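This report concerns only the one structure given below.
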Amino acid sequence: MQELSLRIIELIAAIPAGQVATYGQIAAMAGNHRAARQVSRVLHTCTSKYQLPWHRVIGAAGKISIPKDQPGYTKQKKKLEEEGVLFGLGDTIDLNQYRWSGHNK
DNA sequence: AATGTGACTACCC
DNA sequence: AGGGTAGCCACAT
C-alpha cells in the first residue's frame, strides 16, 4: 500500500497555521524517517490537487529548502510570516517554538 | 524499459 | 567537524 505517500499527504494537510514541520518529521510520522524526499515529491505533485500548505514544510535546519533564486522562496517566507511564523537571523525559523508536534493520531 | 534525479535526512567514516 | 552514502519512490528522459 502506498500508505506512506497517503499519510504524508494527510499529515501535511493537518499542519496547523502558524506552525511548521520538517520533511524528516513528516516522514517519520508517516512511518519512514528516511522518506523525507518523498515528502518533497508529494509537495510538488499534490499541492495543486489537494491544496496542501506546502509553505509550512521546511528543512530540518529550520530553513526554507528552496534556492533564493526561485520565487517560491520569498513567497513561502511571506506566507509563513503572515501566519505568525517569524524568521530569525539568516532567515531561519525557530523550530523549538514553531515546530508542529503532531502527536494527535 | 532502464537509468537518473530531486523542496531531504540520518548515519557512518 | 566534515564529507560521503544509503534509503524512499514518482516522474523525466
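Residue numbering for the first sequence follows our numbering, starting at 64 and increasing by one per position. Think of the CB as a built atom: it goes at the ideal place given N, C-alpha and C, for glycine as much as any other residue. Predicted model only: the values in this text are computed from it and were never measured.
Exposure of residue i, with buried meaning 16 or more beta-carbon neighbours within 10 Å
i: ALA90; result: buried
i: LEU69; result: exposed
i: THR108; result: exposed
i: HIS96; result: exposed
i: ARG119; result: buried
Local conformation of residue i per DSSP, three classes
i: ARG97; result: coil
i: CYS120; result: A small fix is needed here, since residue 120 is Val in this sequence, not Cys. The answer is strand: DSSP assigns VAL120 an E or B state.
i: ALA90; result: helix
i: PRO83; result: The amino acid occupying residue 83 in the given sequence is Val; Pro does not appear at that position. Strand at VAL83.
Boundaries of the alpha helix (DSSP H) in which residue i is found, first to last residue
i: THR155; result: It is not in any alpha helix (DSSP H) - THR155 carries neither H nor E in the DSSP assignment.
Test item: CB-CB of residue i and residue j under 7 angstroms
i: VAL83; j: ILE156; result: yes
Contact the stretch 97-106 vs the stretch 136-153: 3+ CB pairs below 8 angstroms: no
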